Amino acid sequence: MSKPSRQDSLLDRIRRKIEEAIERLQDVLVPSAEPEAAPVRVPIPRRR
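Take this note's numbering: the last position of the sequence shown gets the number 54, and nothing is skipped along the way.
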């Protein structure tokens, strides 16, 4: 626990992977939806 920066970078990497997966899922699930019919993007809070 003496190096919290390593854990932060690991969490950032996991969060980025999750965001990429969500974007890919939305591209697959809503390929031809009109802009107004597309699901609202919920911004994932980022801890700095």
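In this text, a Cβ means the ideal position worked out from N, Cα and C, and glycines have one as well.
Model, not experiment: these values are computed from the prediction.
Measuring straight from C-alpha to C-alpha, what distance separates SER11 and LYS23?
Taken atom to atom, the span from the alpha-carbon of SER11 to that of LYS23 is near 18 Å.
Reduced DSSP secondary structure (H/G/I, E/B, other) of ARG12:
If DSSP states are grouped into helix, strand and coil, ARG12 belongs with the helices.
Distance, ILE20 Cα to VAL34 Cα:
C-alpha separation (whole angstroms): 21 Å.
Going by DSSP in three states, ARG30 sits in which element: helix, strand or coil?
The answer is helix: DSSP assigns ARG30 an H, G or I state.
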